[in-house]
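The structure under discussion appears below in the form of structure tokens.
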Amino acid sequence: MNLKITSITLYCILWISLVSAISVGIWGGNGYQDTSQLEDLTTEYGFNVLVTVSKGGYAVNTLLPDAKAAGWKVVLRFADYFTVDPDDTSDCTTIGFGKFSYDVWEESITENLFFDEDFYPEVLNFIDDGTLLGVMLADDVRNYGDYGWDECDPTIDDIENMGKFIKDNFPGAKTWIRLAVTELEERNGGSLDSLEYIDGAISQFTVKNSDPNTMPEYAIQNRLAAEVLGVDVICGLNIADGGDGTSGQVGWSGAGFYAMSASEVLQYGSDFIDRTCCKYMLLWEYDGEEKWSDADETIGADYFNADEDYKDSTLTLSSTEECMCLDGEKYLHNIRRSGKHVMRKCSWLATKSSSFIKKTCKRKIAYSITTLDEILSPAQAICRRTCDSCDVCFENKKTRYTQNVLRDGTKVFKRCKFLSAQNEAKKKKICSREFSENGYPTPEDACPQTCAVAHCGSTTTSD
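Residue 317 in this note's numbering is what sits at position 317 of the sequence shown, and the numbering runs on without skipping anything.
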């Protein structure tokens, strides 16, 4: 049976043509919202997304035009911050802000003039041209009563209805909510049903309060939850309150909270992007007016501006290439003596220890074919994100390829290590073979560096 595996050369071409950079943005931005100020923030920090709140008139007459002129995109909250039921007599008012009301939420959008005849058409235009990147449905949605989900907060039906309302009335709008994807999954009651009207959830990492409170575990858990719910992970860092204390700067909330250091911003941000393939990294917050609760009443933007290392960190994040590969579904983990195929999910592998992942990706490299001619591939070929094998030139010297089929029908498989030891003439001859047996790839697909495929050199190998 000759099964030709898709050539890596085409994959190289697609990779090069599609790569783009992550968009890094900020919450707040007060004092930095006109065109020239936004342009300066792009130059100094790499920022190009603003998350804020505004009424309809200011949004369409000033905020969105200035952002568009600066090449920025805006995520805008249309509704009021807390929309509570004025007639509620429950304990919600005693223990917190009150009980959420969907009707009040909807009414506040009208009161904020987003349906005004002079503003509504312009809002739609900014959605169409991409300047209005998304509509923030709600903020701090678990804080209506006690911190965490309770009867005071929006239900999952409330959240879906908010998304539906925006999509019905503002066609083309992306619906985002400030809520970790894992928290959204919790509110969904463990249901495996995907959400229909929510496009993305902003998972904002903080060392003090996130669950889990370590990277990359936090990223992995949110990514797995996103797969269940069918939403995008919008990466977020709480740079004003979410640090581990190494910065030495008391944070926005005061004692017990710390701003993230520049090195934390880079490390957490890089891990978050790497483990979720998110397209946006939103930092809370960079603001030129709001005072922090520390003794000095720090202005966040002033604090970050004073340290060039923060600019280096965010510029690095903003130049990070957008992920062009994700983990697949299941890979071939093992073949038992009985011949039974043991399959595992990439999401299962991603939760294991780094040593287990490394061993699995490097050594469990068997291919096989089912009775239905379905090719079963190892982790390094299916779980590319988890195995760090996304690079089109990735080569594992232990990988086997189809070497030959002898006259008696014997199939010969060799490792890339064997191929790399051959002289150039023999290597060239072997690399030109285009047949595959038992699922094992062609020499070019298995050993792109040894076969000098496209632009592949000799730097992305696993021995």
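Ideal placement from N, C-alpha and C gives every residue a C-beta, glycine not left out.
- The way I'd put it, the region 307-319 does touch the region 36-54; three or more beta-carbon pairs between them come closer than 8 angstroms.
- Between N161 and Y81, the C-beta gap is not smaller than 8 angstroms, which leaves the two residues out of contact.
- The three-state secondary structure of W149, taken from DSSP, is coil.
- Taking a C-beta distance under 8 angstroms as the contact criterion, T320 and I26 do not qualify as a contact pair.
- M162 sits in a helix when the DSSP states are folded into three classes.
- Contact annotation: K208 and G254 have beta-carbon atoms that are not nearer than 8 angstroms.
- By the Cβ criterion, the region 382-395 is in contact with the region 324-331, since at least three pairs of Cβ atoms, one from each stretch, lie closer than 8 angstroms.
- Annotated three-state conformation of L179 is coil, per DSSP.
- Residue environment for F100: buried (at least 16 other C-beta atoms within 10 angstroms of its C-beta).
- For G300, there is no enclosing beta strand (DSSP E); the residue is part of the alpha helix (DSSP H) that begins and ends at 300-305.
- For T52, the beta-bridge partners assigned by DSSP are L76.
- With a cutoff of 8 angstroms on beta-carbon distance, V75 and A67 are scored as not near each other.
- Judged by DSSP secondary structure, D128 falls within the alpha helix (DSSP H) whose first and last residues are 120-128.
- L63 sits close to Q33, with the two beta carbons spaced by under 8 angstroms.
- Counting the other CB atoms within 10 Å of its CB gives L372 a total below 16, which places it among the exposed residues.
- Pairing F78 with V123, the inter-Cα distance amounts to about 11 angstroms.
- Secondary structure at L133: strand, using DSSP grouped into helix, strand and coil.
- Judged by pairs of C-beta atoms under 8 angstroms, the region 283-292 touches the region 229-244, as three or more such pairs exist.
- Between V342 and the set L376, T351, G251, T410, the nearest pair of CA atoms involves L376.
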